[in-house]
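Residue numbers (my numbering): 2 to 101.
Just below is one structure, and these are the notes that go with it.
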Amino acid sequence: MAASQKKLFEIFVSKIPWTLARKEMKQYFGQFGQLKKCYFPFDTETGFHKGYCWIRFVTEEGLNNALEKDNHVVEGTELLVGKKRKRFDLHSLNKDGEHD
2 MAASQKKLFE IFVSKIPWTL ARKEMKQYFG QFGQLKKCYF PFDTETGFHK GYCWIRFVTE
62 EGLNNALEKD NHVVEGTELL VGKKRKRFDL HSLNKDGEHD
């Protein structure tokens, strides 16, 4: 299978409180299945994360488990979780972690 056709099991998470770090996100979403990657962009000027991240699961089962849960609440805040439609590409991100 060509790399461009490779299935990725990613979700996009937003509305992440500034008090949460990558470690907590990985721990929380790890309950749904083994994680392959957690990309958590930071603002280079403020040093704070931008309030969103991408989570990549090893299997489709982990992805589906996360998407099937109705409410994702961490530290009293409901996170918005959705299926990532387009693969994130670290090479296309600018210095602030955003797409050009």
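We treat Cβ as the ideally placed atom computed from N, Cα and C, and that holds for glycine.
Treat the numbers as computed from the prediction; the structure is a model and nothing was measured.
| query | result |
| --- | --- |
| Just grab the DSSP bridge partners of R57 for me. | E11 and K38 |
| DSSP state of L21, grouped into three classes? | coil |
| Give the secondary structure of G98 by DSSP, where H, G and I count as helix, E and B as strand, and everything else as coil. | Because the pLDDT at G98 is just 47, under 50, the model does not fix this residue reliably, and the value given afterwards should be weighed accordingly. DSSP places G98 in coil when its eight states are reduced to three. |
| Considering just the uninterrupted stretch of the beta strand (DSSP E) at G1, what are its terminal residues? | Here the chain covers residues 2 to 101 and nothing more, so residue 1 does not appear. |
| In chain order, what residues of the same chain lie with their CB nearer than 7 Å to the CB of P18, ignoring the 5 residues before and after it? | E76 and T78 |
| Measure the C-alpha to C-alpha separation of L68 and F43 and round it to an integer number of angstroms. | 25 Å |
| Quick one: residues in its chain with C-beta nearer than 7 Å to the C-beta of F41, no 5 flanking neighbours on either side, listed in chain order? | R23, M26, H50 and C54 |
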